[in-house]
Amino acid sequence: MAKHHVTTTVNGDSVEFLCTTEQTLLDVLRDELFLTGSKEGCSSGDCGACSVMLDGRLVCSCLVLGVEAEGCEVETIEGMAHGEHLHPLQRVFIEEAALQCGICTPGILVAAKALLEKQPDPSETEVRFWLAGNLCRCTGYDKIVRAVLDAAAQMRAGAASSASGKSSIGNKPATARA
Amino acid sequence: MARLILSGNLQQLAGGDSEVEIDAQNVKQLLRALSERYPALAPHLEQDSFAIAIDGEIFQDVWFAPIGPDSEVHLIPAIRGG
Amino acid sequence: MNDMTNPDVLARHLKIVGTRPSRPDGVDKVTGRAQFGADMYLPNMLTGRVLRSPHAHARIKSIDVSKAQALKGVKAVITSADFDDLPSEFIPAGEMMVNFRDMTRNVMAREKALYEGHAVAAVAAVSEAVAAQALGLIEVDYEVLPHVMDVDEAMQPDAPLLHDDMFTIGVEPTPAKASNIAKRVEFGFGDLEAGFAKADVVIEREFTTKPVHQGYIEPHACVANVSEDGQAELWCTTQGQFIVRAFCARLLGMEVSQLRVKASEIGGGFGGKTVVYLEPLALALSRKACHPVKMVMSRTEVLQASGPTSGSSMWVKIGATKDGRITAGDALLKYQAGAFQGSPVQPGAMCAFACYEMEHVRIVGFDVVVNRPKVAAYRAPGGPIAAFAVESVVDEIALRIGMDPVEFRLKNAAKEGTRAPYGPKFGPIGLVETLQAAKAHDHYKIPLKPNQGRGVASGFWFNIGGETCASMHVGEDGSVDLVVGTPDIGGSRASLSMMAAEELGIALEHVHPSVGDTSALGFNFLTGGSRVTFSSGMAVVEAARDVIAQLRERAAKIWEVPVEEVEWLDGRANFIGAGEPKSLTLVELAKSAGKTGGPIIGNAAINATGAGPSLATHLVDVEVDPETGKVTILRYTAIQDAGKAIHPAYVEGQMQGGAVQGIGWALNEEYIYDKHGHLENAGFLDYRVPVCSDVPMIDTVIVEVPNPNHPYGVRGVGETPIVPPMAAIANAVSHATGVRFTDLPMSPPRVLDAIDTEQAA
């Protein structure tokens, strides 16, 4: 069976790929585009490790077909940092030890970023329910939730203190604090 | 002579003896002496991995851990963890 | 040999150990750059898939792979015929005693399929689609047999028999008739009858728990690459690359150094990745096809075919005086091992009463096979199950005599010098400290409202040491490479490089840790048993001291003074003899290393001994909805003795993660099989692990009773956190409802049913 030719935008770059009908967007991102940051944990949309943004909407890429990406904008974990400037969420996650094995981390970061874009001042409950679709087995979620709340606060402070509203929101992470 | 304390299964296989005096300076010697004295224990000592507690400190897979003349020694099944 | 003891570690002024720097692998993990098991792609790679038994128990009469082999795009097909039959004997492999007859049959069924999902054949093909098609062309002739899923049923004399050569070990005389009971174990001492006679209160209860999966989010995955001359490489997600090497080498008839195994980043293990499933299959396919072969399990396969922990059927009896002293304890633990022997009933039996000073105690355990996937280790294997039973009965006794449950535990708590139920006396341990912290904690004082209850439970885990190597290379510019052999599951590269930097007296940013493959170091036992910070830590310290000794030698040569007059302090060699003071930094000595004797490398190859147990006490408040049976966790406090917390954030993380796994085990997780032995909930929707909205913040308190056998006082902490939660929650739910819960999970239908039954009565 002939493959489908798909043209789409991934993390701001124009991209073309071939895929079969049954390949999911997750399969395509990983196996065709080698963007392996999105992970497969369940292939049934229950664990959230494959979370990406599709035209500004948070989706499980294992539940989207590759062909559905035609003409869309896809944002993955690989697009979250800007050059060497990490997104505040990424930086705070490292600083506050909000990850252990790290397999759920890309999905959680994509989901958390989507939350903060929609609701910059979430309550703990809002964070927990928003992230209920992202399973983590290592952390018990405590440090993840704290990191999201702290990053949100930092982002609000950064936005408030910048005249243009576009503050430089990424820093090189501290790798040693003795 | 070191004192080997046996309990549970191992005690049963040693004919009920709960405390055995054994002339051994290290773990390997102890296991050999034990197998000779209690043949029923021998297959278990080979088959199961054992840890040895010498005066409370646990040694796993260490044949030459030293056993002092007044040491209290316990055999416990090896723990692997998860 | 360095002296690794350090009883005064808490008094030392430490600059790095005990702080919270960022972990070295953090950036890769938050950007998606880190490579996990399924993230490896090699040129010319094939996709491997496994054909699995649809039956819970069946004789395999024949397998015809000819049509699959003939399919265009299929490069290799394997069955049990491609693996040697190995004899039934326990032999050392990877520093464990392994029955390879069982292992070879678990990775690929031979005479029988023993559980739904049991591998019977595998293919390697040019694409996922062709591989799937090929599986459909393999013809297996099964003779379906009756199956048994429940541990008590499997112990009945007329139960369907899984192995006709299984004669119970540990009973005298050995039974003449084969059964599903692999082993009987017994621990204990004293005189039970006398002990119970002294008791004013005796409580006995029966308990059941269901098998639960470790629940790692990353499925098993590997890429095998065998060349035509038999040299092999394997990339896999594993807790132990040396264990994988040992097992695969034996299963494939290779010598260990012929196979180089590299551990990827690991997306959770919790004990479930200390065994092999896909790896020998991928190697066998690769060897046959002469291509690299990648194999990844689906979530369905993970739940059907990889090992959960045991389900159990238990009985516990405890006697105590009315002023709160335990006089005797007796327990019978029956654990199901899955299709092959090897449940953790032994460590479970050893842990069951380990928190208490017992004068008269007996624990009997049975290891029983059933038609389910072979059990694998799960965080403190066996311990949480036994603790659920014992800590529940302890709670009932305290309630019966009207004593506060923390007070009761304080009155009976094991301490230094207490004889463990499995024999030896404990060294210094911190149970009392955790109980005192619980008593003093604000959580314990919060008033409860209707339908709310508070539960307490304590827990114990041994922690292990084991074979460990580390290598420290000082670069020409004074920066340091640190190579360790234990995969990093939860941040160990951070704590290990912190200890290295502390020893050397240099800034953390100059120490670059990595996990070596099996060719980089001597044998390392796996990451598990809460051993890495302890054992790899000890090896790192020894390697660092080796480096320091060499640096002092070099400085002594340069200055032409005796080495005894050179000290190492804060990253410098200082001349402390008579005469003008002189000093050389690590950087300066590194620059001239070539001229002063060659590269400076420190090595350690040890069998780390002296691991100390970690004890914990957990407090939990719940609210039970009487209309739905739903249990909400209101607040949770985990208190644990870490010996010395090298990186406190990662110690807290272990405590929180283990507690939440325990919450899932207590309230929701179980395997649901239909009457044919087919798994009905083989996915994350219905195999319900805790999600973010299910749990509150998990407060943690780290107490530190240093382990005198480790240079930094470290105790393993990873496993103990999962030991108390089920009992703590069951106790809380019992107090909230007035009904004692003895069966897990306490899912809403069961809780509601119990409340309704109680009300009707």
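Protein chains in written order, with the numbering used here: chain A, 14 to 191; chain B, -11 to 70; chain C, 206 to 966. Each residue gets a CB set at the ideal place from its N, CA and C atoms; glycine is no exception. Just so it is clear, the structure is predicted and the values come from calculations on it, not from any experiment.
Assigned secondary structure, residue i (DSSP; H/G/I helix, E/B strand, else coil)
i	result
Leu890 of chain C	coil
Asn812 of chain C	strand
Glu438 of chain C	strand
Cys556 of chain C	helix
Asn914 of chain C	coil
Met66 of chain A	strand
Cys151 of chain A	coil
Pro718 of chain C	strand
Gly341 of chain C	helix
Gln48 of chain B	strand
Glu97 of chain A	coil
Ala189 of chain A	Confidence at Ala189 of chain A is low in this model, with a pLDDT of 30, below 50, so its placement is unreliable and the value that follows should be read with caution. Correct three-state label for Ala189 of chain A: coil.
Asn936 of chain C	helix
Phe545 of chain C	coil
Ser23 of chain B	helix
Asn184 of chain A	With a pLDDT of only 38 at Asn184 of chain A, under 50, the local geometry of the prediction cannot be trusted, and the value read off the model is given with reservation. Correct three-state label for Asn184 of chain A: coil.
Ile868 of chain C	helix
Best match in the options for proximity to residue i [C-alpha to C-alpha]
i	options	result
His100 of chain A	A:Ala145, A:Met168 and A:Lys16	A:Met168
Phe613 of chain C	C:Phe412, C:Val566, C:Glu562 and C:Asp686	C:Glu562
Asp363 of chain C	C:Val919, C:Gln755, C:Ile386 and C:Pro718	C:Ile386
Ala494 of chain C	C:Val279, C:His218, C:Ile806 and C:Gln541	C:Val279
Thr21 of chain A	A:Cys85, A:Glu137, A:Ile157 and A:Thr33	A:Cys85
Ala871 of chain C	C:Val836, C:His881 and C:Gln755	C:Val836
Gly710 of chain C	C:Ile221, C:Gly799, C:Leu653 and C:His883	C:Ile221
Leu1052 of chain C	C:Asn729, C:Val428, C:Ala533 and C:Leu824	Residue 1052 of chain C is absent from the model: chain C starts at 206 and stops at 966.
Ile590 of chain C	C:Val575, C:Glu621 and C:Leu538	C:Leu538
Phe665 of chain C	C:Met704, C:His823, C:Val720 and C:Pro513	C:His823
Glu9 of chain B	B:Ala53, B:Asp43, B:Gly69 and B:Asp58	B:Asp58
His95 of chain A	A:Asn24, A:Leu76, A:Cys73 and A:Met14	A:Asn24
Arg159 of chain A	A:Gly79, A:Glu109 and A:Ser174	A:Glu109
Asp682 of chain C	C:Tyr917, C:Gly799, C:Glu601 and C:Val595	C:Gly799
Closer than 8 Å to chain A by CB, residue i
i	result
Met206 of chain C	At Met206 of chain C, the pLDDT of 38 sits below 50, so the modelled position is not reliable; the number obtained from the coordinates is stated separately. With 8 Å as the cut-off, Met206 of chain C does not count as an interface residue toward chain A.
Leu731 of chain C	no
Pro718 of chain C	no
Gly799 of chain C	no
Gln509 of chain C	no
Cutoff 8 Å: residue i Cβ touching any chain C Cβ
i	result
Gln167 of chain A	no
Thr21 of chain A	no
Ala30 of chain B	no
Ser136 of chain A	no
Ala79 of chain B	Lying before the first or after the last residue shown, residue 79 of chain B is absent from chain B, which here runs from -11 to 70.
Glu88 of chain A	no
Arg68 of chain B	yes
Gln103 of chain A	yes
Gly44 of chain B	yes
Interface flag, residue i vs chain B, CB-CB below 8 Å
i	result
Ile781 of chain C	no
Are at least three pairs of beta-carbons, each pair with one atom in the stretch 541 to 559 of chain C and one in the stretch 432 to 442 of chain C, less than 8 Å apart?
Here the stretch 541 to 559 of chain C does not lie against the stretch 432 to 442 of chain C, with fewer than 3 beta-carbon pairs under 8 Å apart.
Can you give me, in chain order, the residues of the stretch 46 to 63 of chain B that have a beta carbon less than 9 Å from any beta carbon in chain C?
Ile46, Phe47, Gln48, Asp49, Val50, Ala53, Glu60, Val61, His62 and Leu63
In chain order, what residues of the stretch 671 to 698 of chain C put their CB closer than 8 Å to some CB of chain A?
Ile694, Gly695 and Gly696
Any C-beta of chain C within less than 9 Å: which residues of the stretch 140 to 163 of chain A qualify?
Val140, Arg141, Phe142, Trp143, Leu144, Ala145, Gly146, Asn147, Leu148, Cys149, Arg150, Cys151, Thr152, Gly153, Tyr154, Asp155, Lys156, Ile157, Val158 and Arg159
Determine, using beta-carbon pairs with one atom in the stretch 665 to 684 of chain C and one in the stretch 880 to 893 of chain C, whether at least three such pairs fall under 8 Å.
no
Along the stretch 9 to 27 of chain B, what residues have a CB closer than 8 Å to any CB found in chain C?
none
Quick one: which residues of the stretch 897 to 912 of chain C get their C-beta closer than 9 Å to a C-beta of chain A? List them in chain order.
Cys897, Ser898, Asp899, Val900, Pro901, Met902, Ile903, Asp904 and Thr905
Identify each residue in the stretch 247 to 263 of chain C for which the Cβ-Cβ distance to at least one residue of chain B is less than 7 Å, and report them in chain order.
none
So if I threshold CB-CB distances at 8 Å, which residues from the stretch 48 to 74 of chain A count as touching chain C?
Leu48, Thr49, Gly50, Ser51, Lys52, Glu53, Gly54, Cys55, Ser56, Ser57, Asp59, Cys60 and Ala62
Under 8 Å: do the stretch 498 to 513 of chain C and the stretch 338 to 356 of chain C share three or more Cβ pairs, one atom per stretch?
no
Are at least three pairs of beta-carbons, each pair with one atom in the stretch 404 to 424 of chain C and one in the stretch 563 to 570 of chain C, less than 8 Å apart?
no
Any 3 or more C-beta pairs closer than 8 Å across the stretch 573 to 582 of chain C and the stretch 376 to 394 of chain C
Yes, the stretch 573 to 582 of chain C is in contact with the stretch 376 to 394 of chain C.
Count the CB pairs spanning the stretch 894 to 909 of chain C and the stretch 839 to 851 of chain C that are closer than 8 Å, and state whether there are at least three.
yes
Could you name the residues of the stretch 109 to 120 of chain A whose beta carbon sits closer than 7 Å to any beta carbon of chain C, in the order they occur along the chain?
Ala110, Leu112, Gln113, Cys114, Gly115, Ile116, Cys117, Thr118 and Pro119
Inspect the CB distances between the stretch 941 to 950 of chain C and the stretch 848 to 859 of chain C and report whether three or more fall short of 8 Å.
no
Selection of the stretch 593 to 615 of chain C by Cβ proximity to chain B, strictly under 8 Å
none
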